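Structure follows, in structure tokens:
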């Protein structure tokens, strides 16, 4: 599995202390009389048996304690006084003779060492010498329980640090003890203290107690249930495996451990028929049941499973479950249905289903009351993950409304109100909108109706701040002319409300709102009170007027990248970044340049590195690489060959996300003695800031395998060993994987299905290995497809070849929702599965006249609101007619953007009624072919009349379908400025830009000279329709204000050239452009000629927008210097086109390659397919004969 450390504010600290906001700064812990603490000799002796096992010496303990203690520091908790620490750590009920005086360290000194590693107040502690009692009181933890009770009863804010220190210590005591000499009170005390350590622990390091007695198992699971929502998926899976083992071994005297487990002893293996999942087990597992296997559900006796379903425990467990695999959910539903005499009886209990409702398809006709209950459960499901959920919701809404008017049932519908057609949308009061909240996502047509209801016939009606806030999510539909008149004093006081109403506004609306807000408020005050999308649309020109001069004025805001670049440079120029102030930059870190990083004083490098570690989400790959090189260079000044003889502690002090940038040769030279720390770092390493093609990736992988193998061959590695590779598991070559033992290979491949990235060069062989290990995917079960499907989906041919099994569609929906990006092959496969299933149904019911039975109440965009119970297949019994694919309302709604895969002939078979009922769904698709558009535009004019007669509302519902209209018709369309951004993402051709601009200008009574900043932003890509003369007439001031919000617009080179001239007039010669200016100009930079591009400072290159790169003509791109190309960084370099590459010299291509790999200061080393095999097995094969000869020599 690929694991990452979950580092939220620890639950135990938040739940039991809340110290940092109210505690006193000095004094001792408040103690309350308690009974004597039972000495934990056995538990601690188990830890003290070996120095290496002592938590105070282990990297896991120190790392976790340090992370938790830093949370206390970041919350503002004061550092504990030495007097307080002595009171806690010296407090013991055990006699001196029971203390472990043979160990070399103390709890107190270990605590201080960890605290000193980051605390700014460390000098005050370090000045206090340790007395003899400190030096002789070694880690025997006999008084651990009492110490924990002291901090548990304390009201001191500084106790947060002690709790953070005790958390991993307590968990170590709980998991290493082999006897049961603790009473329940002491055990519960340690569990309480350990909570925050468990929560922040990587799953691979999450070692659960080995052989606890039944009562301890219950106590541990109770604690883990309380932490469920804070744990990772990998942790949850580990808990389930552990729970199954403990339940079967403690209650059934058999085991489910793998045969290779050395802990099996003489215990017999459980029979497959064992009914271990009884009522008690189900309650103990609670929400973790969502990570059971489908076969586990069959291990539950029917009467016990039914009893669990009827109980309140079932509903409380399912409340915490957000997601469940389809195969497991379906198995639960099948078993639960077996508790009733029929489907209708089971449906009486739909309000108990929780997340199971998201997989409940065989729903009979329900009463309005039951429909309400099921709808309430479905509102927690992911509609986008599986469109069948949306379709079921529409059916339930129809049932709910069957005997009630819409206004009455509005509170019941909740967020599902957005599934009503605009025709059936009821009038909504301010209270209705308030109850729905700000997260409702209305369709554009719904917003138009709701806004019209609020504004009446006055499109530009002035609203007070109170009226605007009351609109909640509907504010996203307000026209710009309304937002321009919002008064700052009426709205700026409520930052959260401002953020909520603006989060779904488009760029034009945001710019209009800013224009109104800045009219009567100081620029600095405006910037300080803004947040969210509104803040990020403040132009650089306006930001400069705010005159921010200190880090305190930045606040904890999320700035855009151009804003961050401007502010970072300003803070740097004002010398605000000296003396370790980098962590105060927060999101402004994204504007730090490599030049700034290179000039950091050596004394501040560690602080800078730590600041970056705390906020890596704001960094680019370029910045991370520069920071790593700076840190490594500083460390190598300390001594020659620093990394060749680096100690474990020194390696541990290097932030992991920077350490992974170490060049391959230095990785290879790392000493074997550092292997334990190296593996600890790799286990939790986040490689997202390391370029995909970085040579460090294979180098780190080889070194990790060498460390894990420890001189043996890879076939000796266990599943636990391989899991410690962390994200490097995704880098393993198929040739390396083949060397693993069969069971380890199988588990490793399943773990790789969770990889976010697998190198392209590995994929074909990897899929072949998957097939060899698990068989052909056509023979897989649904459960196997869920586990391994992401690997198959890496290959388009394998995806297309997946079998058309009944469960395949739901599994692919599930897998698609887990992927960061889905392939065209996957979308086509889903289209094929949906339409083929419909075709089979039509063929089986050849006497039927079609399946377009959804009425407009269930559609998302019926223009006329008429019934769409349509006949899409001819009533003729001719078999050729029946076998043809025909788009129906139901199919179109389920397919969504997948409707792009209908052939023109199939689209032509769609009835007019179906077209009218689904036009808004069809109109969101941006990449239709010309032939498809020809068919669809013809249907539009047939159903709605000629373009010249269409209303603004109808045109906006047609959306991207208007691409199929002629240029003459485009010029006649009633397109308002506020609607343009919605259709800007359609696949317009350059030749369509001019008629569209002319139509917009005529309809909105505009000329080029009249375009202000709001209008320029609202025009979006249609500004490309202006000719050179009109672009020259644009207002300079308006352009300066607008340009930062025009990001992402794809200009033709000719238009980019014209806008570039305007930019040069506004901002000066390109050679003077800063990183902020280049980032702000976006794709306009593509209009620079070769000489202008060459004049850009290399530090500007990584701040160019990715979309800009491919727009630069090859002849101009070839004018870039090697330094500029190298500075592009991996993401920008990846955007270079084959045509641009063809125009470049070999030296330029080499520089581009260095940019791609991030290896600016290192030579490329080819990745040998058998490198790890050579490194490990080769050494082993070479050394064994030598050892044999040496042994023989010694025996002579």
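Residue numbers (this note's numbering): 3 to 1198. Even glycine gets a Cβ: it sits at the ideal position worked out from N, Cα and C. Keep in mind it's a predicted model, so treat the numbers as computed, not measured.
Per DSSP, which residues does residue 649 bridge with? Please list them. Indexing the chain shown from 1 puts residue 649 at position 647. According to DSSP, residue 649 bridges with nothing at all.
Using three-state DSSP, classify residue 257 as helix, strand or coil. Within the chain shown, numbered from 1, the residue matching residue 257 stands at position 255. It is a strand residue.
Quick check on DSSP: helix, strand or coil for residue 271? As a position in the chain shown, residue 271 is number 269, starting the count at 1. Here residue 271 sits in strand by DSSP.
Residue of 1125, 292, 1098 and 1147 minimising C-alpha distance to residue 1116: Residue numbering aside, residue 1116 sits at position 1114 when the chain shown is read from its first letter. Nearest C-alpha to residue 1116: 1147.
Among the residues of its own chain, which have a CB less than 7 Å from the CB of residue 1135, if the five just before and after it don't count? Here residue 1135 corresponds to residue number 1133 of the chain shown, with the count starting at 1. Correct list, in chain order: 1154, 1157 and 1158.
Range covered by the alpha helix (DSSP H) that runs through residue 812: Position 810 of the chain shown, counted from the start, is the residue given in the question as residue 812. Residue 812 -> alpha helix (DSSP H) spans 810 to 820.
So for residue 542, helix, strand or coil by DSSP? Mapped onto the chain shown, residue 542 falls at position 540. Residue 542 falls in the helix class under three-state DSSP.
Using beta-carbon positions only, say whether residue 1080 and residue 1087 come within less than 8 Å of one another. By 1-based counting over the chain shown, the position of residue 1080 is 1078. By 1-based counting over the chain shown, the position of residue 1087 is 1085. Going by C-beta atoms, residue 1080 is nearer than 8 Å to residue 1087.
Restricting to Cα atoms, I'd like to know which of 109, 409 and 418 is closest to residue 375. Here residue 375 refers to the residue found at position 373 when the chain shown is read from its first residue. The shortest C-alpha separation from residue 375 is found at 418.
On a CA-only basis, which of 829, 155, 427 and 151 is nearest residue 189? Give me that one, please. Along the chain shown, one-based indexing puts residue 189 at 187. Checking every option, the nearest Cα to that of residue 189 belongs to 151.
Closest to residue 817 by CA distance: which of 806, 832, 803 and 805 is it? Locating residue 817 in the chain shown gives position 815, counting from the first residue. Checked all of 806, 832, 803 and 805; the closest Cα to residue 817 is 832.
If you count every other CB in all the chains shown that lies within 10 Å of the CB of residue 335, and 16 or more means buried, which is it? Position 333 of the chain shown holds residue 335. Buried.
Check whether the stretch 1054 to 1074 touches the stretch 521 to 533, counting contact only when three or more Cβ pairs, one atom from each stretch, lie closer than 8 Å. no
Residue 146 versus residue 195 - alpha carbon distance: Counting from one through the chain shown, the residue named residue 146 turns up at place 144. Counting from one through the chain shown, the residue named residue 195 turns up at place 193. C-alpha separation (whole angstroms): 10 Å.
Find the nearest neighbour of residue 326 within the set 305, 344, 314 and 361, judged by alpha-carbon distance. Indexing the chain shown from 1 puts residue 326 at position 324. Closest by alpha carbon: 361.
Which stretch, first to last residue, makes up the alpha helix (DSSP H) that contains residue 1117? Locating residue 1117 in the chain shown gives position 1115, where the first residue counts as 1. Element bounds for residue 1117: 1116 to 1119.
Looking at C-alpha atoms only, which residue of 382, 384, 353 and 392 is the closest neighbour of residue 373? Taking the chain shown and counting its residues from 1, one reaches residue 373 at position 371. Taking only the C-alpha atoms, the option nearest residue 373 is 353.
On the three-state DSSP scale, how would you describe residue 903? As a working mapping, residue 903 is identified with position 901 in the chain shown. DSSP places residue 903 in helix when its eight states are reduced to three.
Counting Cβ pairs, one atom from each stretch, are 3 or more of them under 8 Å apart for the stretch 403 to 418 and the stretch 461 to 472? no
Assuming contact is defined by CB atoms lying nearer than 8 Å, are residue 1108 and residue 1137 in contact in what I supplied? What you label residue 1108 is simply residue 1106 of the chain shown in a count that begins at 1. What you label residue 1137 is simply residue 1135 of the chain shown in a count that begins at 1. In contact: residue 1108 and residue 1137 (Cβ atoms closer than 8 Å).
Beta-carbon separation (whole angstroms), residue 719 vs residue 711, contact threshold 8 Å: The residue given as residue 719 occupies position 717 in the chain shown. The residue given as residue 711 occupies position 709 in the chain shown. Between residue 711 and residue 719 the Cβ distance is about 6 Å, and since that is below 8 Å, they are a contact.
Assigned secondary structure, residue 713 (DSSP; H/G/I helix, E/B strand, else coil): Locating residue 713 in the chain shown gives position 711, counting from the first residue. Three-state result, residue 713: coil.
Ordered along the chain, which non-local residues of its own chain (more than five positions away) have a Cβ less than 7 Å from that of residue 1032? Stepping through the chain shown from its first residue, residue 1032 is reached at position 1030. So the qualifying residues of the chain are 1010.
Rounded to the nearest angstrom, what separates residue 978 and residue 477 at their Cα positions? Translated into the one-based positions of the chain shown, residue 978 becomes position 976. Translated into the one-based positions of the chain shown, residue 477 becomes position 475. The alpha-carbon atoms of residue 978 and residue 477 are separated by roughly 18 Å.
Are the stretch 558 to 567 and the stretch 575 to 585 in contact at 8 Å, needing three or more beta carbon pairs? no
Within 10 Å of its beta-carbon, does residue 632 have 16 or more other beta-carbons around it, so buried, or fewer, so exposed? The count along the chain shown starts at 1 and reaches residue 632 at position 630. Label assigned to residue 632: buried.
With H, G and I counted as helix, E and B as strand and the rest as coil, what does DSSP make of residue 356? Along the chain shown, read from residue 1 onward, the residue named residue 356 stands at position 354. Residue 356: helix per DSSP, three-state reduction.
Quick check on residue 184: buried or exposed, where buried means 16 or more other Cβ atoms within 10 Å of its Cβ? Stepping through the chain shown from its first residue, residue 184 is reached at position 182. Looking at its Cβ environment, which holds 16 or more other Cβ atoms inside 10 Å, residue 184 is buried.
Can you tell me the Cα-Cα spacing of residue 874 and residue 888, whole angstroms? Counting from 1 along the chain shown, the entry for residue 874 is found at position 872. Counting from 1 along the chain shown, the entry for residue 888 is found at position 886. Confidence at residue 874 is low in this model, with a pLDDT of 41, below 50, so its placement is unreliable and no value can be given for it.
CA nearest to the CA of residue 1003, picked from 987, 994, 992 and 1021: Here residue 1003 refers to the residue found at position 1001 of the chain shown. Minimum Cα distance to residue 1003 is reached at 1021.
Span of the alpha helix (DSSP H) holding residue 1064? As a first step, residue 1064 is located in the chain shown; it is residue number 1062 there, counting from the start. Unbroken alpha helix (DSSP H) run through residue 1064: 1055 to 1069.
Exposure label - residue 64; buried when at least 16 CB within 10 Å: Here residue 64 refers to the residue found at position 62 when the chain shown is read from its first residue. Label assigned to residue 64: buried.
Residue 284 beta carbon less than 8 Å from that of residue 310: By one-based count along the chain shown, residue 310 stands at place 308. By one-based count along the chain shown, residue 284 stands at place 282. Yes. Within cutoff.
What does the alpha-carbon distance come out to for the pair residue 2 and residue 449? This structure cannot settle anything about residue 2, because the visible part of the chain is limited to 3 through 1198.
Tell me the DSSP secondary structure of residue 606 in three-state form. By one-based count along the chain shown, residue 606 stands at place 604. DSSP places residue 606 in helix when its eight states are reduced to three.
Helix, strand or coil, according to DSSP, for residue 350 in the structure here? Residue mapping note: residue 350 aligns to position 348 of the chain shown, counting from 1. Coil.
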